[in-house]
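With my numbering applied, the sequence shown has no gaps in its numbers, which climb one by one up to 716 at the end. Reviewing the structure listed below.
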Amino acid sequence: MKGRASQRSLHRQWEAETRIRLAPFFLILLAPMLVAARPADDGRWLAGVYSFSDELGKFRIISVSGFGSKTDPVVIVEEFQEASPATMVIRIRDIPRPYTYLRDTLNGFVHFEFQAVNASGHTWIGFEFELQEVRGLPSVYGDGLSFDQRRTDSGSISSDVFTTYERDFEPGDRIVFKDGAVDHGGMARFRFLVTDFTPKSEFYLVQDPRIPLS
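Shown next as structure tokens:
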């Protein structure tokens, strides 16, 4: 028994020393992912292992930061000039993805916080997010892309303005936030977890501010 305990102690010591020796290497490797996000030359915003683009119009990305973990979510500040669906393009960045040190985000789990500014001239009474693996087509259950569909009551979903939400998985993969209001000039925060196990290098997030029926 003492021999086994001694072996475990030596293994833990070796593991700690290895982490210390490799720390500078991983800091260099991860530097492109940990710096403050800024738009690249092609207009994409970089954060964590993803890039984010407003290239399809109807909204504007103001800033992007964070890595995508639970304690350091990707925070996207955006402005909507119209009260109509707008599509964000999200792409995997072609960078090294070390498996063991940042397993929370490099294994397909990405925590988001969206800060949506209402510049549409209308009051929002709801807000919908929809994931699409193929633009314009609903996400299906087995495509690997979802708002954490493994859990029916996800504690990762919240908003500071809208008090309730509904989730749909078939057809489509949606979160609809309800029971709240955002006037013109106001802002709403939304937090949720996206699981991305798709084989594709890009997917789409459709955002739809809801306004009262006239």
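A virtual CB, placed ideally from N, CA and C, is assigned to each residue, including glycine. It should be emphasised that the depicted structure is a prediction, and the values quoted were computed from it without experimental measurement.
Looking at the structure shown, is G610 part of a helix, part of a strand, or coil, going by DSSP? Along the sequence shown, read from residue 1 onward, the residue named residue 610 stands at position 108. Coil, per DSSP.
Is I594 near V636, with beta carbons less than 8 Å apart? Sequence index remark: in the sequence shown, residue 594 carries index 92 (1-based). Sequence index remark: in the sequence shown, residue 636 carries index 134 (1-based). Against a cut-off of 8 Å, the Cβ pair of V636 and I594 comes out as no contact.
Give the straight-line distance between the Cα atoms of D662 and R691, rounded to the nearest whole angstrom. Residue numbering aside, residue 662 sits at position 160 when the sequence shown is read from its first letter. Residue numbering aside, residue 691 sits at position 189 when the sequence shown is read from its first letter. Whole-angstrom Cα-Cα distance: 6 Å.
Comparing alpha-carbon positions, which option in K560, G545 and P640 lies nearest Q457? Here the chain has residues from 503 to 716 only, and residue 457 is not among them.
Mind checking Y667: buried by the 16 CB within 10 Å criterion, or exposed? Within the sequence shown, the letter at position 165 stands for residue 667. Y667 is buried by the Cβ-count criterion.
Assuming A588 and T625 are in contact, meaning their beta carbons sit under 8 Å apart, how far apart are those beta carbons, in whole angstroms? Position 86 of the sequence shown, counted from the start, is the residue given in the question as residue 588. Position 123 of the sequence shown, counted from the start, is the residue given in the question as residue 625. Contact flag wrong, Cβ pair sits at about 17 Å.
Beta-carbon contacts of A533 that lie in its chain and below 6 Å, excluding the five residues immediately before and after: Indexing the sequence shown from 1 puts residue 533 at position 31. Only weak support exists for where A533 lies, its pLDDT of 46 falling under 50; the value from the coordinates is given anyway. Around A533: no qualifying Cβ.
From what residue to what residue does the beta strand (DSSP E) around R676 run? Locating residue 676 in the sequence shown gives position 174, where the first residue counts as 1. Per DSSP, R676 belongs to the beta strand (DSSP E) from D675 to K680.
Starting from the Cα of E581, find the closest Cα among I627, L695, S641 and G688 and give me that residue. The sequence position of residue 581 within the sequence shown is 79, counting from 1. The shortest C-alpha separation from E581 is found at G688.
Cβ-based burial, H613 [other Cβ within 10 Å; buried from 16]: For the purposes of this step, residue 613 is taken as residue 111 along the sequence shown, with counting starting at 1. Result: buried.
Residues near S622 in its chain [Cβ-Cβ closer than 7 Å; skip 5 each side]: For this step, residue 622 is matched to residue 120 along the sequence shown. Cβ within range, chain order: F582, Q583, E584, A585, H686 and P711.
Beta-carbon contacts of I713 that lie in its chain and below 7 Å, excluding the five residues immediately before and after: For this step, residue 713 is matched to residue 211 along the sequence shown. Correct list, in chain order: A585, H624, T625, W626 and I627.
To the nearest angstrom, report how far apart M590 and P701 are at their CA atoms. For this step, residue 590 is matched to residue 88 along the sequence shown. For this step, residue 701 is matched to residue 199 along the sequence shown. Cα to Cα, M590 sits roughly 19 Å from P701.
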